[in-house]
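2 protein chains.
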Amino acid sequence: MTTSSAAGEPLTIVAGGGSVPAYVAAAAMKAGRPGLIIALKGEADPSVEAFPHEWVGWGDLGRLEALLKRPGARDMVLIGSVRSRPDFNSIKIDLATMRSLKDILSIIVGGDDDVLSGTIKFFERRGQRIVGAHEIATDLVAAPGPLGRRKPGRGEAADIAVAMRAARAIGAIDAGQAAVVVNGRVVALEAAEGTDQMLERVKGIRASGRVKWSGRAGVLAKCPRPQQDLRVDMPTIGPRTIEAVIEAGLAGIAVAAGKVMIVDREAVVRRADEAGLFLVGEADPAS
Amino acid sequence: MTTSSAAGEPLTIVAGGGSVPAYVAAAAMKAGRPGLIIALKGEADPSVEAFPHEWVGWGDLGRLEALLKRPGARDMVLIGSVRSRPDFNSIKIDLATMRSLKDILSIIVGGDDDVLSGTIKFFERRGQRIVGAHEIATDLVAAPGPLGRRKPGRGEAADIAVAMRAARAIGAIDAGQAAVVVNGRVVALEAAEGTDQMLERVKGIRASGRVKWSGRAGVLAKCPRPQQDLRVDMPTIGPRTIEAVIEAGLAGIAVAAGKVMIVDREAVVRRADEAGLFLVGEADPAS
Chain Z
0 MTTSSAAGEP LTIVAGGGSV PAYVAAAAMK AGRPGLIIAL KGEADPSVEA
50 FPHEWVGWGD LGRLEALLKR PGARDMVLIG SVRSRPDFNS IKIDLATMRS
100 LKDILSIIVG GDDDVLSGTI KFFERRGQRI VGAHEIATDL VAAPGPLGRR
150 KPGRGEAADI AVAMRAARAI GAIDAGQAAV VVNGRVVALE AAEGTDQMLE
200 RVKGIRASGR VKWSGRAGVL AKCPRPQQDL RVDMPTIGPR TIEAVIEAGL
250 AGIAVAAGKV MIVDREAVVR RADEAGLFLV GEADPAS
Chain U
0 MTTSSAAGEP LTIVAGGGSV PAYVAAAAMK AGRPGLIIAL KGEADPSVEA
50 FPHEWVGWGD LGRLEALLKR PGARDMVLIG SVRSRPDFNS IKIDLATMRS
100 LKDILSIIVG GDDDVLSGTI KFFERRGQRI VGAHEIATDL VAAPGPLGRR
150 KPGRGEAADI AVAMRAARAI GAIDAGQAAV VVNGRVVALE AAEGTDQMLE
200 RVKGIRASGR VKWSGRAGVL AKCPRPQQDL RVDMPTIGPR TIEAVIEAGL
250 AGIAVAAGKV MIVDREAVVR RADEAGLFLV GEADPAS
């Protein structure tokens, strides 16, 4: 586990679901940063309880604001999946809430992206500096080059180049983050359906004979949209992605280096190695 | 039916499947162009038999070459769907075939695009000038503006602009021709699955609640890839497209004016009007 250097500085981790919040907490601890996990009720995984933590509901604003006033607490990570939306009815109207009401309302009323940027603004107004989980646990993202044992061959490298270009093109129009290319042909582009369903479609396209290839071939490429705030909203791949790529008959995965989160990296690399998939970080030509 | 002016000049129509070949023959006749339909065995629709025609198999090269030597026969339209691939075994090895063998082999051995460009080259070497079906029957494509009764509203015009931009972006990476945008959001991008299956997906995305909209909203946009040879390979919409758009809960369709073929236009416009869909030709900013 690689960690950033800001030893001694406290870190607040607002934790949604999944294994990553605890992973980030462990990285912070290893870096000598006293961390406090603010675990969202109904969202955060019990694994966070291995670290200093407080369970907080969407409505417990008074407690939340008090926790942010811990001495030296300045850096904050917002990490983990959040299924529920801030629920207006659950908010306890106390004095802290009254003071925050305008901010809260603008979060609740806004659209999807607005919730995220509204939440960031909410915390920034309270003196927090939002940092990315990958700035604390730097191995959450891929460095350029292969992550596992297998390296892409020459034809695969050509597919990677086309697929990364396709993924960037659909990011530029704010449509999606992922593309599948097999033997030079763009087989699928992601929009609202998400990566898993797109890979399911690739499986169907192959099964139907609409596009034919023998053995494993082609690549899933994933990269962020230019508009994404990578501190709080990163494209991710994880064990389920690997299984879906295997099912789809692809030969590997390419991700934008430093910009795509690999959830459960150890398991992901192990499974990719087992199945003979390549898994590679691609330096972004645009950055 | 609008027609081009080259009255008197013969026209050869190599006809695959569907209703369009006969439609083009009727337009040619109306323009005073003596047409001959070369109807591909196993592909062309019986409707072509209403016009001067010859049934020809993939292998009947000798007959094909003789037909091309009709006095003044210079312009040729290649139109209609072709399901089968040129079949090497069916080619009758006569003297004409021997002379053409090199050309034929290069068509058979090549990939998908190569079949088309190989076929064009084959005919061009034999003195033919390939013209687009829409140059003969100009109302096969949309003029700029609404085709039916309904005009897009202001929000719909915004969706059209985003969707046309998305469709062009995926064309530029040679991925697909169509995109769906609902209330500003890119919901689906077409690649190998084709437009009908993409629309099926949009239906599923709405049914699952992944993207929500009320009533009819959003647009299917369709335009050619910049690389497409519009003389022989145009994006198309037809009655099935309209039904799929209705099923998907969209409000209308936008096509690149002059560059997308509307098969069975009368039925398409009637059904769009019935269902209250808009159907609009969009002038291409790039042309």
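For the protein sequence lines, the chains are Z and U, in the order given.
According to numbering that gives the first Met the number 0, the first sequence holds residues 0 to 286 in order.
According to numbering that gives the first Met the number 0, the second sequence holds residues 0 to 286 in order.
Even glycine gets a Cβ: it sits at the ideal position worked out from N, Cα and C.
Predicted, not measured: the structure shown is a model, and the values here were computed from it.
Where residue i meets chain Z, residues with beta-carbon distance less than 7 Å
{"i": "residue 200 of chain U", "result": "192"}
Neighbouring residues, chain U, relative to residue i (Cβ below 9 Å)
{"i": "residue 169 of chain Z", "result": "165, 168, 169, 172, 174, 185 and 188"}
Distance between beta carbons of residue j and residue i, contact taken as under 8 Å
{"i": "residue 246 of chain Z", "j": "residue 204 of chain U", "result": "With a Cβ gap of about 21 Å, residue 246 of chain Z and residue 204 of chain U do not count as contacting."}
{"i": "residue 68 of chain Z", "j": "residue 56 of chain Z", "result": "So it is not a contact: roughly 19 Å between Cβ atoms."}
{"i": "residue 231 of chain U", "j": "residue 115 of chain U", "result": "6 Å"}
{"i": "residue 51 of chain U", "j": "residue 63 of chain U", "result": "The Cβ separation is near 16 Å, so there is no contact."}
{"i": "residue 184 of chain Z", "j": "residue 272 of chain Z", "result": "Contact doesn't hold; Cβ gap of about 27 Å is too wide."}
{"i": "residue 289 of chain Z", "j": "residue 215 of chain Z", "result": "There is no way to answer for residue 289 of chain Z, as the model of chain Z reaches only from 0 to 286."}
Beta-carbon proximity of residue i to residue j, cut-off 8 Å
{"i": "residue 279 of chain U", "j": "residue 66 of chain U", "result": "no"}
{"i": "residue 217 of chain U", "j": "residue 186 of chain U", "result": "yes"}
{"i": "residue 38 of chain U", "j": "residue 14 of chain U", "result": "yes"}
{"i": "residue 137 of chain Z", "j": "residue 194 of chain Z", "result": "no"}
{"i": "residue 258 of chain Z", "j": "residue 228 of chain Z", "result": "no"}
{"i": "residue 256 of chain Z", "j": "residue 142 of chain Z", "result": "yes"}
{"i": "residue 162 of chain U", "j": "residue 199 of chain U", "result": "no"}
{"i": "residue 80 of chain Z", "j": "residue 170 of chain Z", "result": "no"}
{"i": "residue 226 of chain U", "j": "residue 173 of chain U", "result": "yes"}
{"i": "residue 188 of chain Z", "j": "residue 188 of chain U", "result": "yes"}
{"i": "residue 268 of chain U", "j": "residue 236 of chain U", "result": "no"}
{"i": "residue 32 of chain Z", "j": "residue 72 of chain Z", "result": "no"}
Taking 8 Å as the cut-off, does the region 7-19 of chain U touch the region 173-184 of chain Z (at least 3 CB pairs, one atom from each stretch)?
no
Pairing CB atoms from the region 71-79 of chain U with CB atoms from the region 127-143 of chain U, are three or more of them under 8 Å?
yes
Scan the region 197-221 of chain Z for residues whose Cβ lies nearer than 7 Å to a Cβ of chain U and list them as they occur along the chain.
Within the region 197-221 of chain Z, the residues whose Cβ lies closer than 7 Å to some Cβ of chain U are 200, 204, 209 and 210, listed in chain order.
Inter-stretch contact (C-beta, 8 Å, three-pair minimum) for the region 163-172 of chain U and the region 216-230 of chain U:
Taking 8 Å as the limit for Cβ pairs, the verdict is that the region 216-230 of chain U does touch the region 163-172 of chain U.
Inter-stretch contact (C-beta, 8 Å, three-pair minimum) for the region 118-130 of chain U and the region 252-266 of chain U:
no
The region 265-278 of chain U touching the region 243-257 of chain U, judged by at least three CB pairs closer than 8 Å
Judged by Cβ distances under 8 Å, the region 265-278 of chain U makes contact with the region 243-257 of chain U, as three or more pairs qualify.
Measuring CB atoms only, is the region 43-52 of chain U touching the region 16-29 of chain U, in the sense that at least three cross pairs come out at less than 8 Å?
yes
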